Amino acid sequence: MIAIACDHGGYVLKQEIMKHLQKRGLEYQDFGCDSEEPVDYPIYARKVTDAITGGSCDRGILICGTGIGISIAANKVHGIRAALCTDCFTAEATRQHNDANILALGGRVVGPGLALKIVDTFLDTPFSNAERHQRRIDLIEP
Ligand code: RB5
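Following the numbering used here, the numbering of the sequence shown begins with 1 at its first residue and continues without gaps.
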């Protein structure tokens, strides 16, 4: 199950991503926000990190205007590795190397075409399970 949330700066892109997930037959839970009315992105970051740390979802997608604020907020939570990606190379690498469990996107940065490819790359790439990568992840949160 994928947890997804945004602030007002990510609302339009979130609608596109949810349509895409539906087309792919992937299950997701939408934690808001529900319009382009201004809201506070840390609140929405926390809804998704709670879903992941609580075990009801295993991956997350967070979108704000730049992707920066919402990824900073998510990364404060133990067990969360949120990766802000603007291209498919980093989306692939962060799954293989960092076992990132949240993809952060900037709704004012990437267009929908690229964003959907980044989402697919992130969701479809497994962690490498290489010992060196696991060791480095473990060193982030001893
Ligand atoms: C909201 O205007 C904007 O600051 C927010 O979406 C995000 O880009 C913060 O990092």
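C-beta: ideal position from N, C-alpha, C; glycine also. Keep in mind that this is a model prediction, so the values were computed, not measured.
In the DSSP annotation of this structure, the continuous segment of the beta strand (DSSP E) that includes Cys64 starts and ends at 59-64. A straight line joining the alpha-carbon of Cys85 with that of Leu105 spans about 6 Å. For the ligand RB5, no non-hydrogen atom lies closer than 8 Å to the CB of Pro142. Listed by position along the chain, the residues with Cβ atoms less than 5 Å from a non-hydrogen atom of the ligand RB5 are Asp7, Gly9, Cys64, Gly65, Thr66, Ile68, Gly69. Under the criterion of beta carbons closer than 8 Å, Pro42 and Ala73 qualify as touching, at roughly 4 Å. Between the region 19-33 and the region 93-100, the count of C-beta pairs closer than 8 Å stays below three; the two stretches do not touch.
Taking 8 Å as the upper bound for CB-CB distance, Leu13 and Ile63 are in contact here, some 5 Å apart. Relative to Gly111, the option among Arg132, Gly9, Ile4 whose CA is nearest is Gly9. In the displayed model, Ile80 falls within coil according to three-state DSSP, outside both helix and strand. Apart from the 5 residues on each side of it in sequence, Ala51 sits with its Cβ closer than 6 Å to the Cβ of Ala3, Cys57 in its chain, given in chain order.
Here Gly79 has Thr53 as same chain residues with Cβ atoms under 6 Å from its own Cβ, once five neighbours each way along the sequence are excluded. Exposed is the label assigned to Gly55, since fewer than 16 other Cβ atoms lie within 10 Å of its Cβ.
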